[in-house]
Structures are given as C-alpha cells and as structure tokens.
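These protein sequence lines are chains A and B, in that order. Using the working numbering, the letters of the first sequence map in sequence onto residues 152 to 562. Using the working numbering, the letters of the second sequence map in sequence onto residues 152 to 562. From the three backbone atoms N, C-alpha and C, an ideal C-beta is built for every residue, glycine too. Accompanying notes for the structure given below.
Protein chains: 2
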Amino acid sequence: MRLLVQKYGGTSVANLECMQRVREKVLKVLDRGYKVVVVLSAMSGETNRLIDMARKWSKRPDPCEMDVLLATGEQASVSLFTMLLKDCGVKARSFLGFQVPIQTDKSFGKARILDIDKEKIKDILYKYDVVVVAGFQGCDCEQRITTLGRGGSDTSAVAIAAALGAEVCEIYTDVDGVYTTDPNICPQARKIKKIAYEEMLEMASMGAKVLQIRSVEFAKKYNVPVHVRSTFSDEPGTLVVQEDKSMESAMVSGVAYDKDQARITLVDVYDEPGVAARIFEPISRSNIVVDMIVQNPSRGGKTDMTFTVPRGNTEETLNILQKVKDEIGASAILHDEDVAKVSVIGVGMRNHSGVAAIAFSALKNENINIMIISTSEIKISCLIEEKYTELAVRTLHEAFGLDHETPGIKA
Amino acid sequence: MRLLVQKYGGTSVANLECMQRVREKVLKVLDRGYKVVVVLSAMSGETNRLIDMARKWSKRPDPCEMDVLLATGEQASVSLFTMLLKDCGVKARSFLGFQVPIQTDKSFGKARILDIDKEKIKDILYKYDVVVVAGFQGCDCEQRITTLGRGGSDTSAVAIAAALGAEVCEIYTDVDGVYTTDPNICPQARKIKKIAYEEMLEMASMGAKVLQIRSVEFAKKYNVPVHVRSTFSDEPGTLVVQEDKSMESAMVSGVAYDKDQARITLVDVYDEPGVAARIFEPISRSNIVVDMIVQNPSRGGKTDMTFTVPRGNTEETLNILQKVKDEIGASAILHDEDVAKVSVIGVGMRNHSGVAAIAFSALKNENINIMIISTSEIKISCLIEEKYTELAVRTLHEAFGLDHETPGIKA
Numbered sequence: 152m153r154l155l156v157q158k159y160g161g162t163s164v165a166n167l168e169c170m171q172r173v174r175e176k177v178l179k180v181l182d183r184g185y186k187v188v189v190v191l192s193a194m195s196g197e198t199n200r201l202i203d204m205a206r207k208w209s210k211r212p213d214p215c216e217m218d219v220l221l222a223t224g225e226q227a228s229v230s231l232f233t234m235l236l237k238d239c240g241v242k243a244r245s246f247l248g249f250q251v252p253i254q255t256d257k258s259f260g261k262a263r264i265l266d267i268d269k270e271k272i273k274d275i276l277y278k279y280d281v282v283v284v285a286g287f288q289g290c291d292c293e294q295r296i297t298t299l300g301r302g303g304s305d306t307s308a309v310a311i312a313a314a315l316g317a318e319v320c321e322i323y324t325d326v327d328g329v330y331t332t333d334p335n336i337c338p339q340a341r342k343i344k345k346i347a348y349e350e351m352l353e354m355a356s357m358g359a360k361v362l363q364i365r366s367v368e369f370a371k372k373y374n375v376p377v378h379v380r381s382t383f384s385d386e387p388g389t390l391v392v393q394e395d396k397s398m399e400s401a402m403v404s405g406v407a408y409d410k411d412q413a414r415i416t417l418v419d420v421y422d423e424p425g426v427a428a429r430i431f432e433p434i435s436r437s438n439i440v441v442d443m444i445v446q447n448p449s450r451g452g453k454t455d456m457t458f459t460v461p462r463g464n465t466e467e468t469l470n471i472l473q474k475v476k477d478e479i480g481a482s483a484i485l486h487d488e489d490v491a492k493v494s495v496i497g498v499g500m501r502n503h504s505g506v507a508a509i510a511f512s513a514l515k516n517e518n519i520n521i522m523i524i525s526t527s528e529i530k531i532s533c534l535i536e537e538k539y540t541e542l543a544v545r546t547l548h549e550a551f552g553l554d555h556e557t558p559g560i561k562a
Numbered sequence: 152m153r154l155l156v157q158k159y160g161g162t163s164v165a166n167l168e169c170m171q172r173v174r175e176k177v178l179k180v181l182d183r184g185y186k187v188v189v190v191l192s193a194m195s196g197e198t199n200r201l202i203d204m205a206r207k208w209s210k211r212p213d214p215c216e217m218d219v220l221l222a223t224g225e226q227a228s229v230s231l232f233t234m235l236l237k238d239c240g241v242k243a244r245s246f247l248g249f250q251v252p253i254q255t256d257k258s259f260g261k262a263r264i265l266d267i268d269k270e271k272i273k274d275i276l277y278k279y280d281v282v283v284v285a286g287f288q289g290c291d292c293e294q295r296i297t298t299l300g301r302g303g304s305d306t307s308a309v310a311i312a313a314a315l316g317a318e319v320c321e322i323y324t325d326v327d328g329v330y331t332t333d334p335n336i337c338p339q340a341r342k343i344k345k346i347a348y349e350e351m352l353e354m355a356s357m358g359a360k361v362l363q364i365r366s367v368e369f370a371k372k373y374n375v376p377v378h379v380r381s382t383f384s385d386e387p388g389t390l391v392v393q394e395d396k397s398m399e400s401a402m403v404s405g406v407a408y409d410k411d412q413a414r415i416t417l418v419d420v421y422d423e424p425g426v427a428a429r430i431f432e433p434i435s436r437s438n439i440v441v442d443m444i445v446q447n448p449s450r451g452g453k454t455d456m457t458f459t460v461p462r463g464n465t466e467e468t469l470n471i472l473q474k475v476k477d478e479i480g481a482s483a484i485l486h487d488e489d490v491a492k493v494s495v496i497g498v499g500m501r502n503h504s505g506v507a508a509i510a511f512s513a514l515k516n517e518n519i520n521i522m523i524i525s526t527s528e529i530k531i532s533c534l535i536e537e538k539y540t541e542l543a544v545r546t547l548h549e550a551f552g553l554d555h556e557t558p559g560i561k562a
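What follows is the structure in structure tokens.
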C-alpha cells in the first residue's frame, strides 16, 4: 500500500471553496494509486472564536474543559470535509483523536503524543481510501480529550506519518515553503528547496512560523521527510529532511529574527557557585523561558549577569528578581525592551570556519552594536537594538550570499 | 448518595447569562446534599446552524459525518458550563457520549440507546459532585459518534436517571410544564400537576413538544419519575409518573391537535384479503407513517379506504398509490390537505363511559363535521376540517371541564 500523509492548515479549510480545492488535491493523489491520511486543522478563525468564548465565560478557563471546547473546531472540519469526499464516491471516514487513538500525556493545552495505535489505522486503511483525522487533538489514558498546543496539527500529521511509515508527510499551508528569511523585510529572500531538521528547528524557534517546533522534533526523531508547500499552487515547496552532504556547501541556510525579546541585567552580583541557580530557578518555576545568557568576567568577586526573556514576561521576571536581589548581592536590576535577536543558521557552519567573523563584520559595517552573542553548533545569534532589526537581517542575508540562487560565500 | 438528574434544554443554556442561571439552580441542589448529573443540550440555534452548514457542504450530508458534526454542539455546552462550575470551586467534569459511554445502535441521526455503563458513572460520582453530560449523543460499538434525533437530550437524561436509579429526572425547559392543551389557542389551558406516562406519550405524539416521545417510553419502561419544569422559575412543573388512582377521577387530562395531516382516499377498492397489505406495504417501505385508517362497509365487493399521512409525504404517497391503483381496482385516488386531527386524552377513559359521546356532541354543537374517528384505550381522535381546529380544541377543553381547576364532568 503506497501511503501519503497530508496536513491542511486552517486557511486551507477556511470555507467550502477552500475545502473543495483540498478535495481536488486529494483526488489527484488517489488517482496516482495512493491511499491518503488527511490531517485537518480547525477552519481559520474558529480556534480563536472558541478561545474568546471561553474567556468570556471564565477569566481562567479550566484547561481540561478548554481542550474539550477547542477540540470541536477540528471535529467540525473533519466531518464537513469527509462529507465532501463521500459526495463524490470516495471511501472515506473521519477520525477524532480518541478514535485513532492518539494517546497523549495529561498536559491539557500542550499535551505530548505518547503513542499512536498504528495497527488500528492500518486496518482502517484496508477498508477506506482516505482517512480524515482531526489534528491538534488526542486523548489521555482516561479517554479525556487533550490538545497539542498552537500548530499542533503539524505534530499530529508527522506523528501519524511516523507511525505508518508514510513516504512523506506533506504540510499544506498558505505559504509556499520555508524562506531564507522573512520576505516582508528582505525582498531578496528565496524559497529553500531542502533544509535539515536541525536548521528548521532553529528557524522555527526564531519565529519562522511555518511549522510547529515539536513537529520538527518528531520528524527528526523518526526521520520522516516533511514537505512544506502551498495549498494554492502545485509548485514544490521546501523539503525538511535529514542533513546531507549537499547542504554543507552553503555556510548559512537562513537568517531569522525575533523581536519578542527583553534584556535584563543584574549588576554586581556575587561571582560564586550557586548564584546562577538562585537567579534562574525561581524564574523557571514560573514557566518563563530564559533565552540568551551572558556573564561578564569577574571584577573583585562581583560580576554582571545579563539574559533575555519574552517581552510579556518582563514584569513578572523583575518581580521575581526583586525578591532575590539582596541575597545575590545585586546593586541594580536593569531592563531594556527595545532589543531584538538576529540569527544566522546553517549546518554548513560545522565545516566552515569564519562564519562568526563574517556576521560580526557585516553588522559592524552598518554600525550595528552587538549586545549579546550566543552560539550553537549551527547558529550564531546576536542581540541588537530593535530599530536595526530589518537592516541587520538584510545585511546578513547579503553577506552570506543568500540573495543569489547559489549561496556564494564559502570558507 | 442522594442523586438527581437535571436536563437543561437549548434555551436554558443559550448564552452566558442563561448558563449562570443554570449554575445557580445546580448550586442550590448541591446545598441540599445531592450529587447532580447535569445533561445539556446544544446552545439554542447551534444545532440548526450546524445543519445549515452541512447542507451548504452537501445536498445529502453523509449521516455518520453529520453526527460527528452535530455532536460538537453539546460538546461546547458541557465544556463551557463545566468551566463555570469549576470557577466557583465545584468538583465537576464534563462527559461526552463516548466517555460515559452511552452505547447506541448504528442508526446515525436517530440512534437508540442500548446500554449505559452505570458502574463507571457511579465511580465518577464518588470523585465529583457534578457530572456534566453531553445530551443527544452516544457512540456505537466501534466508538463512532451517534446522535439520538431531535429532543434526544431528554432521552439521554432519562436513560441516565434510569441507569443510576435517580430519585427523579428533572427536565428544565422554557415552558413551565405540560398543559391541558395549547395555551396559544385556548387561554383557559391549565398546567397539569401530574400526568401518566401513557397520557404523556399520546400528548407528545400529538405534537405537544415538551418531551421527546422516546424519553417518555424510556421513563415508562424503567419507571423513572420525570419532572418537566421551567428554568426561569422555581415553581413546580408537571410530574410524569406511573398511572395512579388519583388520575382516574378525571375523564380527560388534555386536548391535543395535529395540523400535519393529509387525508387520502382510495375509492372503490376490492374488498378482499390482501388489499390493505398491497396498499400499505409500499408506503411503509418508503418510511411514511400512516396514522388514522378507516375502511367503509363493503358495497358489492368494493369499498373505500381512507387514511392520513404527514403532509410532507402526500405527493410521495400519491405516486406510490398510482402504481398499485389498477391492481387493487381503485376507481379514483382523492386527497385533501386541509384537515387536522383533534384528540382528547386521559387514562380516566378506562373507567368512564360516554367520553366519545360527549366529544362528538360537543363538536356537533359547533357544526364541526367529523371525517374520521379513531380510538385507543385512553384517546379519542377526530379528523376535521383544518379551519375548525382552534374552535374544536376550545370546545372539547370546555366540554370535559378542563377550563376549571377540578375537572368537572364525571361519569
């Protein structure tokens, strides 16, 4: 049995016309002799409508019941779409999360998939040509409904593709692939034909919202080729796959940025074991994600500690730090919300030297000051003043030859 | 454990304010030391919205997928209402049909309840004080979602009350009980304090839409007292219970009418065995419900056969009859859609004679001609010209003393 998994996002199933377009796509694949698992999101706007409703009902809606409510969005999508398929004689049926079942943990609102009963889906695929699965939802061990968090349908699709050993998992969306950077601020941005899972993870965590991060982790873990492409064209999009030789020729695959950053500096904290723990433990207990961290060299037993948090958490972080301020010996707590992070990403960095030097000198040429630098094996990130974000992205994009079809600069 | 089952209809949970009112009612019962199973319908208008949507998607929406879609209505109600309960600290959780589970057959769109896992609900009731169950929905043996048909939430509630042996099943709605007749056409109509299951069945089948017929059958079978009352007041409503001595004092408990009637007459059919079967078998195969049937005395081996069908089925019935017309020797097929059925109902008829005579003479006094008469043990129905419906109802209501608190006429 040749099998394809296709996931269609909210804008792809927004109304009857959109769903009819999706049906055409599915029928074409059937003609090619495939069986198809179609994973659907809620119709665009529906999840927000339900969230707004819950917030009207309750200031802090119960998370378990919220998932019961949100799951109705995908439930409506799969039933309506299956009606369309059956209308033209396709052997199809819908499946909700609990029916597959997609077993998850009990983290309502951001559940993780634990297991998918692949034998059951395989049995079903003998009887039906198209199985339409509600994305975003699963159920815990007590059959309570859970949801996987924003963009969770991507993860549903990849997890099903992994369970079934599908040839590829196609993610249909309203953009035609992954770009070297945001085309809205850099017109030279180009569509990437092939990108490594690791690169995609870095791009996604930088705010490239094409795929949910967890879906990429899943795809990487189970080596599922993911094809990100547009519902509104037949052009191939971006293939997200395991790193291969061809990817190494380019130093850098993309430039990302993130404006949701606030910088916080603790001045003159004791430079002794345990201080970092006393700072970051209470922050982490409040579920605040700390991103970049730098510690200056010690001056007379004291040092400065600087880090970034999402802007929405600035105030809460400052409140937490006030409580430990004396304990850690800080003379002042500074904060700055007019900052942004720009990053260059590429598995090619592993084999090319001088990438950092190129990035720093490109920024220097535009007189952009770098406040914090953090690096990983395949990424270099710089915290800069927010107002330079667009300029920095364009500058880096050009410096690494991404403006041209074949990235130019090689080490 | 003292246990109450309460069902709230669509108008009772139509919006936030309505749901808050329902919460008050539930909290009061908790204060009295009860645990409560609350069964909810979809918010009023929601089921129609979903049906309209499906009809836009497909001329004949697949019935299985239709049920998946419709079930979202109650799913939204129970999650939102449970949020409200949890907001004020009540130990509550929602249950969907498949979670209870409410096992049904596979008649999608009009499924019948086969079984309810009462041990599971009882276990749950040890942990929670309020269990909020989605009405109208169940699941078949393969865990596919089914729905119970219009008004199905009543049946859900009664079935759960029967399974749990609840003291009473309260059905909250936008009317304050069952009336002796339709107050819109007879201002003297009075609320009935207590009515027998059989009477309620006859009233319901006559178009008194307070309770779904199947829920009354269920209540009768398992002897569940049903209290029909208003969400918008604290006044007691109508108790639907097993027939008792007190009910026999009145000849008649109520007057009902049904304008959804069309009369069809086959003229001069052969008066011989098998003719009735040849007429009614093909009609029944088309799922058309034949109501009143009369056959005139034979004249020279020929007779007239007259019966009624719902008006929406008139044309289809005529088409079916055309095919058997020659076979049964009919010289003509007549039909008349300007007819209505009025009925007097009461278990008291079993012990009172002369009920029919009173009804016929009351109609005669108003010069209302009776076209067909049909009787059962507790009901007398007359088919009359539609334009006399309201007059006939008022006349019969008065003739049987229903205008007054204590029905007056006794045999």
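Taking only runs of the alpha helix (DSSP H) that begin and end inside the stretch 185 to 219 of chain A, which ones reach a length of at least 4 residues, in chain order? Secondary structure within the stretch 185 to 219 of chain A: the alpha helix (DSSP H) runs of 4 or more consecutive residues, fully enclosed, are 197 to 208 (chain order).
Of all the residues that make up the stretch 232 to 249 of chain A, which are near chain B by a beta-carbon distance shorter than 8 angstroms? Hits within the stretch, in order: 233, 234, 235, 237, 238, 244, 245, 247, 249.
Please check if any C-beta of chain B sits within less than 7 angstroms of the C-beta of residue 288 of chain A. With respect to chain B, the C-beta atom of residue 288 of chain A has no partner C-beta closer than 7 angstroms.
Runs of beta strand (DSSP E) lying entirely within the stretch 303 to 382 of chain A, each at least 3 residues, in chain order: Runs found: 320 to 324, 345 to 347, 377 to 381.
Neighbour-count burial assignment, residue 117 of chain B, 16 or more Cβ in a 10 Å radius: There is simply no residue 117 of chain B to check, as chain B begins at 152 and stops at 562 in what is shown.
CB residue 490 of chain A to CB residue 456 of chain A, shorter than 7 angstroms? No, these two residues do not count as a Cβ contact at 7 angstroms.
So what does DSSP say about residue 488 of chain B, is it helix, strand or coil? In this structure, residue 488 of chain B counts as strand in the three-state DSSP scheme.
Are the beta-carbon atoms belonging to residue 340 of chain A and residue 330 of chain A less than 7 angstroms from one another? In contact: residue 340 of chain A and residue 330 of chain A (Cβ atoms closer than 7 angstroms).
Compute the distance between the beta-carbons of residue 254 of chain B and residue 294 of chain A, then report whether it is under 7 angstroms. The answer is no: Cβ separation not under 7 angstroms.
Alpha-carbon to alpha-carbon, residue 464 of chain B and residue 236 of chain A: Inter-residue distance for residue 236 of chain A and residue 464 of chain B is about 30 angstroms (C-alpha atoms, whole angstroms).
I need the boundaries of the beta strand (DSSP E) containing residue 153 of chain B, first residue and last residue. For residue 153 of chain B, no beta strand (DSSP E) encloses it, and the DSSP letter there is neither H nor E.
Members of the stretch 207 to 227 of chain A that neighbour chain E once the beta carbon cut-off is set at 9 angstroms: As a matter of chain content, chain E is missing from the structure shown, whose protein chains are A and B.
Starting from residue 473 of chain A, follow the alpha helix (DSSP H) in both directions and report where the run begins and ends. 465 to 479 is the extent of the alpha helix (DSSP H) around residue 473 of chain A.
Could you spell out the range, first to last residue, of the beta strand (DSSP E) harbouring residue 421 of chain B? Per DSSP, residue 421 of chain B belongs to the beta strand (DSSP E) from 405 to 421.
Is any beta-carbon of chain B found at less than 7 angstroms from that of residue 276 of chain A? Taking Cβ atoms only, chain B never reaches closer than 7 angstroms to residue 276 of chain A, which makes this a no.
Would you mind reading off the limits of the beta strand (DSSP E) that contains residue 244 of chain A? According to the DSSP assignment, residue 244 of chain A belongs to the beta strand (DSSP E) that extends over 243 to 246.
Counted within 10 angstroms of its Cβ, other Cβ atoms place residue 561 of chain B as buried (16 or more) or exposed: The predicted position of residue 561 of chain B is uncertain, since its pLDDT is 36 and thus under 50; no value can be drawn from it.
Where residue 497 of chain B falls: helix, strand or coil (DSSP): DSSP places residue 497 of chain B outside both helix and strand once states are collapsed to three, so it counts as coil.
Which residues in the same chain have their Cβ closer than 7 angstroms to the Cβ of residue 164 of chain A, if we skip the five residues on either side of it in sequence? Around residue 164 of chain A: 170, 173, 191, 192, 194, 228, 232.
With distance defined between alpha-carbon atoms, name the residue in B:458, B:244, B:259, B:263 nearest to residue 272 of chain B. Restricting attention to B:458, B:244, B:259, B:263, the CA atom closest to the CA of residue 272 of chain B is found in B:244.
Quick one: Cα of residue 158 of chain B to Cα of residue 380 of chain A, how far? When rounded, the distance between both Cα atoms is 48 angstroms.
Check whether the Cβ of residue 294 of chain A lies closer than 7 angstroms to any Cβ atom in chain B. Residue 294 of chain A belongs to the set of residues whose beta carbon lies under 7 angstroms from a beta carbon in chain B.
Using a Cβ-Cβ distance under 7 angstroms, would residue 562 of chain B count as near chain A? Below a pLDDT of 50, predicted positions are generally treated as unreliable, and residue 562 of chain B, at 31, falls in that range; no measurement from the model is reported.
Using the Cβ count rule (16 or more neighbours within 10 Å means buried), how would you classify residue 473 of chain B? Residue burial annotation: residue 473 of chain B is exposed, with fewer than 16 other C-beta atoms found within 10 angstroms of its C-beta.
On the three-pair Cβ rule with 8 angstroms, is the stretch 497 to 506 of chain B touching the stretch 398 to 417 of chain B? The stretch 497 to 506 of chain B vs the stretch 398 to 417 of chain B: in contact.
Among the residues of its own chain, which have a CB less than 7 angstroms from the CB of residue 180 of chain B, if the five just before and after it don't count? Excluding sequence neighbours, residue 180 of chain B sits near 155, 187.
Does residue 284 of chain A come out as helix, strand or coil in the three-state DSSP assignment? Residue state, collapsed to three classes: strand.
Per DSSP, what kind of secondary structure is residue 164 of chain B in: helix, strand or coil? Judged by DSSP in its simplified three-state form, residue 164 of chain B adopts helix.
Does DSSP put residue 266 of chain A in a helix, in a strand, or in coil? Note: residue 266 of chain A maps to strand in three-state DSSP.
Residue nearest to residue 210 of chain A in terms of C-alpha spacing, selected from B:238, B:289, B:413: Nearest to residue 210 of chain A by C-alpha distance, out of B:238, B:289, B:413, is B:238.
Leaving out the 5 sequence neighbours to the left and right, which residues in its chain are closer than 6 angstroms to residue 403 of chain A when beta-carbon positions are compared? Excluding residues within five positions, the ones whose Cβ falls inside 6 angstroms are 495, 497, 551.
Closer than 8 angstroms is the cut-off here; do at least three beta carbon pairs connect the stretch 338 to 352 of chain A with the stretch 278 to 294 of chain A? The way I'd put it, the stretch 338 to 352 of chain A doesn't touch the stretch 278 to 294 of chain A; fewer than three beta-carbon pairs between them come closer than 8 angstroms.
Exposure of residue 544 of chain A, with buried meaning 16 or more beta-carbon neighbours within 10 Å: Per the 10 Å Cβ criterion, buried.
For residue 197 of chain B, count neighbouring Cβ atoms within 10 angstroms of its own Cβ and tell me buried if that reaches 16, exposed if not. Around the Cβ of residue 197 of chain B, a 10 Å sphere holds 16 or more other Cβ atoms; the residue is buried.
Taking the alpha-carbon of residue 374 of chain B as reference, which of B:539, B:320, B:410, B:422 has the nearest alpha-carbon? Nearest option by C-alpha distance: B:320.
Nearest residue (CA-CA) to residue 430 of chain B, options B:417, B:442, B:438: For residue 430 of chain B, the nearest C-alpha among the options comes from B:417.
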